[in-house]
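In the working numbering, the protein residues as written are 2 to 564. The beta-carbon is built from N, C-alpha and C at its ideal position, and this holds for glycine as well. Just so it is clear, the structure is predicted and the values come from calculations on it, not from any experiment. Here the structure comes first, spelled out in structure tokens, and everything after it is commentary.
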């Protein structure tokens with residue numbers, strides 16, 4: 002005999018079936034904005050999927066071609082990847098992208114140049130395009146070792162190529178070439194203090210070569226005497242630079258600010274944000290603009306910057322946190338105390354910090370300060386990091402781990418292996434940087450380039466070196482144990498770098514619910530010879546579900562504008 006409870010159970014079952022059925026039917030009605038099929042989509046378990054569906058900036062589904070095609074609708078943008086490799090969008094964890102963007106279209110680049118003829122030709126082209134008398138500027142990103150036999154153009158060759166233009170060429174942050182009369186034109190000839198920090202170089206006959214040596218701060222101060230481009234030019238230049246990064250598969254950067262980079266330098270970036278015209282996600286730090294007032298400056302600046310959104314995020318302070326602890330291997334007790342005060346404020350306010358440090362020999366002075374901060378504050382979840390320190394030893398790696406510090410690693414030793422070998426010896430070069438020990442210690446690692454004054458911004462140049470260990474001058478010295486696998490390199494350039502960002506849970510790999518930031522590559526970096534990896538670039542880049550770069554190589558049923 003049916004009881005009232007039995008009838009109630011039947012009714013509840015019926016309604017449950019009805020609700021679940023409707024929900025399932027509704028789920029099948031979800032329509033993707035974009036579908037990419039016939040692909041090799043890298044997954045975090047080192048496997049590959051065939052297709053991906055994207056909706057509302059994020060990944061809706063990943064699977065087989067057939068399973069993903071069910072999300073297609075009449076307005077879905079369909080892209081045939083033609084069996085090309087798709088990787089998560091690369092994130093450079095330490096690139097001075099905002100600075101580079103301001104002058105990208107107005108400077109001459111020697112990045113990738115291998116011969117004197119190529120270098121001179123780029124100057125000649127600029128000389129024809131620029132108004133007579135305007136400066137031609139080659140502002141870094143190259144080293145002599147990239148040239149055949151390490152020989153760079155002579156003064157005579159440079160001046161002849163430049164013609165009626167004054168010429169400024171910067172090598173790293175160590176030396177500059179300025180054409181005759183250039184110091185007078187820039188107003189530097191009467192600046193005794195700045196000149197006292199420069200060493201003019203002469204040839205074997207005692208004649209001036211036009212080259213001058215100086216430390217990083219001196220070279221930065223010198224550069225600031227060069228004429229600025231207009232705000233409109235800087236805006237367009239920044240936009241074009243970010244599109245070039247998109248072409249290289251980059252969808253995000255962590256910009257560390259730097260020396261001589263005031264708040265006004267961010268105007269073009271903020272304008273791009275206000276116009277919804279950013280094609281990469283930018284997380285940026287603020288650096289101390291003035292010596293002696295760092296803490297109060299940070300407190301003021303943090304109150305007047307634009308609000309964060311999904312494309313632009315303030316990510317704390319650095320890399321110049323205090324002037325006394327920036328590019329200073331011998332800080333005083335007063336310098337360390339000043340840094341302590343700023344870092345304690347940052348820890349109290351839950352602010353992310355990235356710190357610039359060059360050498361293992363002096364890093365204990367920095368770690369001592371961080372340890373003092375941790376006696377009163379926890380920084381475990383604040384994503385604090387130290388950048389560079391290529392010769393970091395195991396003891397200081399351990400101290401970084403104990404102090405909840407991550408490591409931002411670049412490919413400096415690709416460009417400067419011979420100089421490092423000369424200073425520290427072959428055995429030190431073999432193990433530097435100690436990536437394998439850092440990985441085993443579970444220290445957060447983000448990869449990047451430190452572009453563009455000191456290095457090339459091409460991530461695949463860095464990735465090839467991380468895998469091969471072969472430097473720009475052909476030196477192969479790194480222990481195989483320190484070399485990364487191809488998957489490790491991509492993972493640390495994506496998931497690893499994402500760790501240091503405010504929106505880390507949404508970044509770094511291609512899985513359901515994450516931002517649809519990806520690059521379809523021109524070649525499969527898992528199968529091409531290692532020495533060909535640097536030739537990799539994107540044929541189509543997507544950020545937030547929107548195509549921001551399209552080489553035209555792939556078939557798509559419609560075009561969409563960039564963000």
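(request) Confirm, please, whether the CB-CB distance from residue 54 to residue 33 is below 8 Å. (result) yes
(request) From the DSSP output, in three-state form, read off residue 96 for me. (result) coil
(message) Only counting the same chain, and skipping five residues up and downstream in sequence, which positions put a Cβ closer than 6 Å to that of residue 215?
(response) 198, 199
(message) Quick check on this structure: which residue in 92, 74, 115 has the alpha carbon closest to the alpha carbon of residue 475?
(response) 115
(message) My output table needs one value for residue 212: the three-state DSSP class, helix, strand or coil.
(response) strand
(message) Between 435, 367, 378, which has its C-alpha nearest residue 398's C-alpha?
(response) 435
(message) DSSP has residue 256 in a bridge; who is on the other side?
(response) 285
(request) Tell me whether the beta-carbon of residue 448 lies closer than 8 Å to the beta-carbon of residue 94. (result) yes
(request) Would you kindly work out how many angstroms separate the C-alpha atoms of residue 56 and residue 196, rounded to a whole number? (result) 58 Å
(request) State the DSSP-derived secondary structure class of residue 484, mapped to helix, strand or coil. (result) coil
(message) In this structure, how does DSSP classify residue 535 when only helix, strand and coil are distinguished?
(response) helix
(request) Specify the secondary structure class of residue 404 as computed by DSSP and reduced to three states. (result) coil
(request) Could you name the residues that DSSP lists as bridge partners for residue 89? (result) 519
(request) Give me whichever residues DSSP pairs with residue 323 in a beta bridge. (result) For residue 323, which the question treats as bridged, DSSP gives no partner whatsoever.
(request) Just the C-alpha distance for residue 61 and residue 48, rounded to the nearest angstrom, thanks. (result) 19 Å
(message) By the three-class DSSP mapping on this structure, what secondary structure does residue 415 have?
(response) helix
(message) Can you tell me where the beta strand (DSSP E) holding residue 37 begins and where it ends?
(response) 35-38
(message) For residue 391, count the other beta carbons within 10 Å of its own beta carbon; 16 or more makes it buried, fewer makes it exposed. Which is it?
(response) buried
(message) Less than 8 Å between the beta carbons of residue 283 and residue 318, yes or no?
(response) no
(request) Pull up the distance between the alpha-carbon of residue 546 and that of residue 73, whole angstroms please. (result) 15 Å
(message) Measuring straight from C-alpha to C-alpha, what distance separates residue 376 and residue 333?
(response) 21 Å
(request) Could you work out which residue in 462, 411, 464 is closest to residue 450 when comparing CA atoms only? (result) 411
(message) Please classify residue 205 as buried or exposed, where buried requires at least 16 neighbouring CB atoms within 10 angstroms.
(response) exposed
(message) Just to confirm before moving on: does the CB-CB distance between residue 211 and residue 178 stay below 8 Å?
(response) yes
(request) Please classify residue 231: does DSSP put it in a helix, a strand, or coil? (result) coil
(message) Pop quiz: residue 174 and residue 138 are said to be a contact at Cβ under 8 Å. What is the actual Cβ separation, rounded to whole angstroms?
(response) Contact doesn't hold; Cβ gap of about 15 Å is too wide.
(request) Apply the 10 Å Cβ neighbour rule to residue 552 and answer buried if 16 or more other Cβ atoms are within range, or exposed otherwise. (result) exposed
(request) Using the DSSP secondary-structure output, state which residues sit across from residue 355 in a beta bridge. (result) 386
(message) Using DSSP's beta-bridge definition, name the partner residues of residue 43.
(response) 49
(message) On the DSSP letters alone, give me the boundaries of the alpha helix (DSSP H) that residue 369 sits inside.
(response) 364-375
(request) Could you say if the stretch 294-311 and the stretch 121-138 meet the contact criterion of at least three C-beta pairs nearer than 8 Å? (result) no
(message) With a threshold of 6 Å on Cβ separation, who are the neighbours of residue 299 within its own chain once the five nearest residues in sequence on each side are excluded?
(response) 318
(message) Going by C-alpha to C-alpha distance, which of 109, 189, 75, 240 sits closest to residue 224?
(response) 189
(message) Going by DSSP in three states, residue 447 sits in which element: helix, strand or coil?
(response) strand
(message) Would you call the stretch 456-468 in contact with the stretch 520-539, where contact means no fewer than 3 C-beta pairs closer than 8 Å?
(response) yes
(request) Taking only heavy atoms of the ligand MN into account, decide whether any of them is closer than 7 Å to the Cβ of residue 125. (result) The ligand MN is absent from the structure shown, which contains no ligand whatsoever.
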